[in-house]
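Engineer:
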Amino acid sequence: MSLMKWDPFRDLLNIQQSIGRLFDDRFLRLPEERGELPSAFMFPVDIQDKGDSLMVRAEIPGLKREDIKISFSDGRLSIQGERKKEAREENTRFLRVERSYGNFYRSFNIDVPVEQERITASYRDGILEVSLPKAEESKPKLIDIEISE
19 MSLMKWDPFR
29 DLLNIQQSIG
39 RLFDDRFLRL
49 PEERGELPSA
59 FMFPVDIQDK
69 GDSLMVRAEI
79 PGLKREDIKI
89 SFSDGRLSIQ
99 GERKKEAREE
109 NTRFLRVERS
119 YGNFYRSFNI
129 DVPVEQERIT
139 ASYRDGILEV
149 SLPKAEESKP
159 KLIDIEISE
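Numbering of the sequence shown is given in the numbering used here, commencing with residue 19 and proceeding in unit increments.
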């Protein structure tokens with residue numbers, strides 16, 4: 019076993035680089051680019067590639083369909099709305115309050131061309147599903163290529 023000389027400055031350099039990466043990744047990009055929610059609560063989202071379309075599923079329980087607005091522009095899907103605060107009886111004492119209320123907003127870059135006129139959405143049992151059909155040029159195609167002599 020060989021002994022290595024300890025260099026405290028090397029450890030400081032590693033710490034400095036780690037902090038630099040943290041600031042680059044976390045603070046220098048817009049919240050939308052990080053997929054973060056600049057609002058009262060964050061709802062989980064799955065985006066699935068189904069071959070001929072993309073399926074976005076968002077868990078947003080406790081809302082009415084009218085409380086959710088979905089838009090698509092310049093390759094960006096936006097989901098926003100408001101979770102309204104429930105009316106409380108006077109002299110009500112809570113032991114714990116964990117639910118969030120207020121406006122919410124999330125947006126996602128969609129990196130494949132989409133047929134915007136055919137986008138559909140449904141909201142059932144607290145799950146929002148948005149189907150984004152891919153444009154013809156973005157669908158994978160298999161072509162046979164002949165080999166010349």
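All residues carry an ideal CB built from backbone N, CA and C; glycine is no exception.
Would you call the segment 80-98 in contact with the segment 144-158, where contact means no fewer than 3 C-beta pairs closer than 8 Å?
Structural biologist: The answer is yes - the segment 144-158 touches the segment 80-98, with three or more Cβ pairs under 8 Å.
Engineer: Does Ile78 come out as helix, strand or coil in the three-state DSSP assignment?
Structural biologist: One-based indexing of the sequence shown puts residue 78 at position 60. The answer is coil: DSSP assigns Ile78 none of H, G, I, E or B.
Engineer: So, is Arg52 buried or exposed, given that buried needs 16 or more other C-beta atoms within 10 angstroms?
Structural biologist: Stepping through the sequence shown from its first residue, residue 52 is reached at position 34. Residue placement at Arg52 is flagged as unreliable, the pLDDT there being 49, under the threshold of 50; the coordinate-derived value follows with that caveat. Classification for Arg52: exposed.
Engineer: In three-state DSSP terms, what is Arg117?
Structural biologist: Taking the sequence shown and counting its residues from 1, one reaches residue 117 at position 99. It is coil, neither helix nor strand.
Engineer: Look at the alpha carbon of Met60 and the alpha carbon of Lys102, and state the distance between them as a whole number of angstroms.
Structural biologist: In the sequence shown, counting from the first residue as 1, residue 60 sits at position 42. In the sequence shown, counting from the first residue as 1, residue 102 sits at position 84. Going from the Cα of Met60 to the Cα of Lys102 covers about 15 Å.
Engineer: May I ask which residues mark the beginning and end of the beta strand (DSSP E) holding Lys87?
Structural biologist: Residue mapping note: residue 87 aligns to position 69 of the sequence shown, counting from 1. It spans Ile86 to Ser91 - the beta strand (DSSP E) in which Lys87 sits, taken as one unbroken run.
Engineer: Whole angstroms are fine: how far does the CA of Val130 sit from the CA of Glu155?
Structural biologist: As a first step, residue 155 must be located in the sequence shown, where it is residue number 137. As a first step, residue 130 must be located in the sequence shown, where it is residue number 112. So the two alpha carbons sit approximately 9 Å from each other.
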